[in-house]
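In what follows, a structure is listed as structure tokens, so that the remarks can point back to it.
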Amino acid sequence: MPLNPFLRCDCPCCGYPTLDQGADFEICLLCDWEDDGQGERDADEVRGGPNSDYSLREARANFARHLVMYREGHSRGNAPAQQKIKRELMAAYDAWRDAEPEARAALANEARRLERMFRATSSLSLDDD
Numbered sequence: 004m005p006l007n008p009f010l011r012c013d014c015p016c017c018g019y020p021t022l023d024q025g026a027d028f029e030i031c032l033l034c035d036w037e038d039d040g041q042g043e044r045d046a047d048e049v050r051g052g053p054n055s056d057y058s059l060r061e062a063r064a065n066f067a068r069h070l071v072m073y074r075e076g077h078s079r080g081n082a083p084a085q086q087k088i089k090r091e092l093m094a095a096y097d098a099w100r101d102a103e104p105e106a107r108a109a110l111a112n113e114a115r116r117l118e119r120m121f122r123a124t125s126s127l128s129l130d131d132d
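First residue of the sequence shown: 4, per the numbering used here; consecutive thereafter.
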């Protein structure tokens with residue numbers, strides 16, 4: 004997982020730069036995958052542990068369908084306000100990756116602003132549970 008100017012690693016599930024370190028049991032802001040070091044070589048393996056009964060491959064497919072690692076019907080990370088900010092944040096990460104070097108600082112700042120907004124909506128939805 005390569006480092007980038009965000010000084011982060013890409014999540015092995017969603018592919019966005021959300022982890023401070025790879026394989027350090029950190030939970031991804033976007034998809035909720037806990038990075039236990041699983042990667043391409045063992046993406047079909049269900050390890051149990053932090054990601055329960057999900058393989059990395061299934062979690063990726065779930066994220067592609069509904070922006071969270073979980074199967075349909077799981078509510079965590081799926082509130083409409085969270086989905087809206089997630090899409091904006093993903094667009095900001097994508098824009099940053101595609102940008103010329105001189106434009107990246109402003110785009111990184113926008114991504115960080117959206118991360119803060121997403122965390123705020125996430126903590127509000129947890130309070131409602």
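Ideal Cβ placement from N, Cα and C applies to all residues, glycine included.
Alpha-carbon spacing of residue i relative to residue j, whole angstroms
i: D97; j: G52; result: 31 Å
i: A84; j: C17; result: 19 Å
i: L1; j: D47; result: The structure shown does not extend to residue 1, since the chain is modelled only from 4 through 132, so no value can be given for it.
i: Q24; j: G42; result: 14 Å
i: R116; j: L92; result: 9 Å
i: A64; j: V71; result: 9 Å
i: G76; j: D39; result: 24 Å
i: S125; j: E118; result: 10 Å
i: Y19; j: A111; result: 13 Å
i: R122; j: G80; result: 10 Å
i: A114; j: R44; result: 30 Å
i: L6; j: E29; result: Bear in mind that the predicted position of L6 carries a pLDDT of just 42, short of 50, making it too unreliable to give a figure here.
i: A95; j: W36; result: 20 Å
i: D13; j: A106; result: 20 Å
i: A62; j: A82; result: 18 Å
i: R50; j: R68; result: 22 Å
i: K87; j: L10; result: 25 Å
i: P15; j: A109; result: 26 Å
First through last residue of the alpha helix (DSSP H) which encompasses residue i
i: L92; result: 83-101
i: H69; result: 59-69
Residue of the options minimising C-alpha distance to residue i
i: K89; options: M120, Y73, D45, G42; result: M120
Extent of the continuous beta strand (DSSP E) run through residue i
i: L10; result: Counting along the chain, L10 falls outside any beta strand (DSSP E), and DSSP gives it neither H nor E.
i: L22; result: 20-22
Note to self: For the pair the segment 97-112 and the segment 50-66, tell me if three or more CB-CB distances fall below 8 Å.
What the structure shows: Output reads no: the segment 50-66 does not touch the segment 97-112.
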